[in-house]
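Residue numbers (the UniProt record's numbering): 1 to 388.
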């Protein structure tokens, strides 16, 4: 994120990582990364509508693909109406999500301090290590969790890119990026801490949200139902953001002549309807996967998304390495220098390589990893054909 921030601040003309990727690595990198970022959010939106299908099981025993496709159709119709409606919905969804996480943390801390008794035993910090230690399934189990950890952070780069489009990026980019670690500590680490203190890890079920399980154990089943609705709307909201983002990315690709000009057209509501409809059709494959392989669809989609995001993040790091090599004076004069470069850049790239190795070792993620290169090969071929 610091590398992204420095690159964006080095040139006021940069609005996304495809701009500096084209300049420092080559036009092919901008083309491939632009399309890959669209594909990243397609996969993420697929994962979100699949999650909607899973959360609906809390109330209704119906096929997962039914609510998934229903949610997608509703989101498509809402996005076709007006851009303003999207902003209003996301504003309120964001508030609901923040309130829910804070409420969970507060409830968990109260249960922890009072030694609350649940069907699983006493709520205690001991639950973090007494049930087989910190690595109950060994180092292998720990490593196999990395794929979902990566997926949990997808989209973090949007913080920097969005801040770059504000009125005062010199102030807003550093501010937005510097707040990320604190938000991770509160909303990720904080929530995970109280959840595992309340419910031993081996009793956590993938069939429902851990937030719902916590409120159920607290003896508040009504609240659990409400929380399930909140996490369902949260997944729908994330899917809505993904659909919105993919349509705008496809619109920009059309505008920059990297895709069909038809995608650069707006309807009477100033919505890129062609790009939106095509993106929604591709996202609907997620509902099909949910029907064909309900047990594995989410894992496959999130793995492909994680791999594609690793590509995007790697492009940012490689661009920064070349940027510093070519513009040492500009780097030294930067008010928001990425620290410990270029050493830390190579450490990050090594870590990304490690993640791919781990995904290859795991049977659950190996197939998706081996299939993903098809996307990049197809893009390289299309780029070469386009340049002829």
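We treat Cβ as the ideally placed atom computed from N, Cα and C, and that holds for glycine.
Quick caveat, the model's predicted, so the values are computed rather than measured.
By the neighbour-count definition (other C-beta atoms within 10 Å, threshold 16), residue 386 is an exposed residue. For the pair residue 350 and residue 2, the CB atoms are not nearer than the 7 Å cut-off. Within the stretch 320 to 358, the complete alpha helix (DSSP H) segments of 4 residues or longer fall at 328 to 333, listed in chain order. In the displayed model, residue 53 falls within a helix according to three-state DSSP. Assigned with DSSP and collapsed to three states, residue 13 falls in coil, not helix or strand. Nearest C-alpha to residue 32 among 253, 366, 292, 262: 253. Apart from sequence neighbours up to five positions away, the residues of its chain that approach residue 242 with a beta-carbon distance below 7 Å are 41, 44, 45, 48, ordered along the chain. Under the three-state reduction of DSSP, residue 213 is assigned to helix.
Under the DSSP definition of a beta bridge, residue 155 lacks any partner. For secondary structure counted as the alpha helix (DSSP H) over 4 or more consecutive residues, the stretch 64 to 132 holds these complete runs in sequence order: 65 to 81, 83 to 114. Sequence-distant Cβ neighbours of residue 118 in its own chain, meaning closer than 6 Å and more than five residues away, are 217.
The DSSP-derived three-state label of residue 26 is coil. In the DSSP assignment, residue 388 falls outside any alpha helix (DSSP H), carrying neither H nor E. In this structure the stretch 304 to 322 lies against the stretch 151 to 158, because at least three pairs of beta carbons, one per stretch, are closer than 8 Å. Between residue 64 and residue 209, the CB-CB gap reaches or exceeds 7 Å.
With a cutoff of 7 Å on beta-carbon distance, residue 318 and residue 352 are scored as not near each other. The alpha carbon of residue 25 has as its nearest neighbour, out of 321, 374, 354, the alpha carbon of 321. Around the beta carbon of residue 267, fewer than 16 other beta carbons sit within 10 angstroms, so the residue counts as exposed.
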